[in-house]
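Colleague:
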Amino acid sequence: MDSVRFGRALGVGARAAAKTLVSAVDAAAAPNPSAGTKPAGTKKTAAAAATSGERLGQQAARAASQVSVSSAGLKQGSKRFGQAVWHPVVKLSGVLWLELTGVFFGIFALSAVGGAWKWREAMHEVAGNHLAHERFEWAVVMAAVFAYFCVTSFLKARRRGRGQ
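Under the working numbering, residues -7 to 156 are what the sequence shown spells out, in order.
1. Any idea if residue 109 is buried or exposed, counting beta-carbon neighbours within 10 angstroms, 16 or more meaning buried?
2. Taking DSSP as the reference, what is the three-state secondary structure of residue 34?
3. My output table needs one value for residue 86: the three-state DSSP class, helix, strand or coil.
4. How would you label residue 78, buried or exposed, when you count the other beta carbons within 10 angstroms and need 16 or more for buried?
5. From 97, 49, 63, pick the residue whose C-alpha is nearest to that of residue 144; which is it?
6. Comparing the C-beta of residue 73 with each C-beta of chain D, is any distance below 8 Å?
7. Within 10 Å of its beta-carbon, does residue 89 have 16 or more other beta-carbons around it, so buried, or fewer, so exposed?
8. As a quick exercise: from 133, 134, 111, 148, pick the residue whose alpha carbon is nearest that of residue 123.
9. Just to confirm the assignment, what range does the alpha helix (DSSP H) spanning residue 153 have?
10. Buried or exposed for residue 94, please, with buried defined as at least 16 other CB atoms from any protein chain shown within 10 angstroms of its CB.
11. Quick check on DSSP: helix, strand or coil for residue 80?
12. For residue 33, count the other beta carbons within 10 Å of its own beta carbon; 16 or more makes it buried, fewer makes it exposed. Which is it?
13. Between the Cα of residue 152 and the Cα atoms of 105, 87, 100, 125, which residue gives the shortest distance?
14. At the level of alpha carbons, what is the spacing between residue 129 and residue 117?
15. Look at residue 101 and residue 138 and say whether their C-beta atoms are less than 8 Å apart.
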């Protein structure tokens, strides 16, 4: 429900409540009809006032039900707004985060490849260089692990971006 219709429903309800309050105050301030003589035409105006009061009561009840419907509509509308606006933002930020971590893993993998290349050269310089051989193996393992994380991160980002 838009704000104009909500305002109208609220205005109708407020006006009906005010009219009911005014008629209740008038009825309370009026002299007791059962005491003493009744002026001519009082019976007719009392019946009209009762009918008018019932009608105002029905209008107030109708306005109150419209307000409850409009509050339910407001809740549903805010939920739809959240789904329409925040869901794509969350999805995009998740994809961006996966791509960013993939880039960092790629940087670490390239650094490990560079280290492995350096230790490969050092390993061939001296025939019995065991320490260089161990470090070369560790650099290759680290390059493989970070390359795996890089590739899987980009694949997850691609799947999430497509909505799968």
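Ideal Cβ positions, reconstructed from N, Cα and C, are used throughout, including at glycine.
Modeller: Let's see:
1. Here the question's residue 109 lines up with position 117 in the sequence shown. Exposed: under 16 other Cβ atoms inside 10 Å.
2. As a working note, residue 34 is residue 42 in the sequence shown. Unreliable positioning characterises residue 34 in this predicted model, as indicated by a pLDDT of 49, which lies under 50. The coordinate reading is nonetheless provided below. It is helical.
3. Numbered from its first residue, the sequence shown carries residue 86 at position 94. Correct three-state label for residue 86: helix.
4. On the sequence shown, position 86 is the one that residue 78 refers to. Classification of residue 78: exposed, given that the 10 Å Cβ count is below 16.
5. Translated into positions along the sequence shown, residue 144 becomes position 152. The shortest Cα separation from residue 144 among 97, 49, 63 belongs to 97.
6. In summary, chain D is missing from the structure at hand, where a single protein chain is found.
7. Stepping through the sequence shown from its first residue, residue 89 is reached at position 97. Residue 89 is exposed by the Cβ-count criterion.
8. For the purposes of this step, residue 123 is taken as the residue at position 131 of the sequence shown. Looking at the Cα atoms, 111 is the closest of the given residues.
9. Within the sequence shown, the letter at position 161 stands for residue 153. Per DSSP, residue 153 belongs to the alpha helix (DSSP H) from 122 to 154.
10. By one-based count along the sequence shown, residue 94 stands at place 102. Buried, by the Cβ-count rule.
11. For the purposes of this step, residue 80 is taken as the residue at position 88 of the sequence shown. Helix.
12. Numbered from its first residue, the sequence shown carries residue 33 at position 41. In this prediction, residue 33 scores a pLDDT of 49, lower than 50, which makes its location untrustworthy; the coordinate-derived value is nonetheless stated afterwards. Result: exposed.
13. In the sequence shown, the residue the question calls residue 152 occupies position 160. It is 87.
14. Working through the sequence shown from its first residue, we reach residue 129 at position 137. Working through the sequence shown from its first residue, we reach residue 117 at position 125. If you take the alpha carbons of residue 129 and residue 117, they lie about 16 Å apart.
15. The residue given as residue 101 occupies position 109 in the sequence shown. The residue given as residue 138 occupies position 146 in the sequence shown. Result yes, Cβ atoms of residue 101 and residue 138 sit closer than 8 Å.
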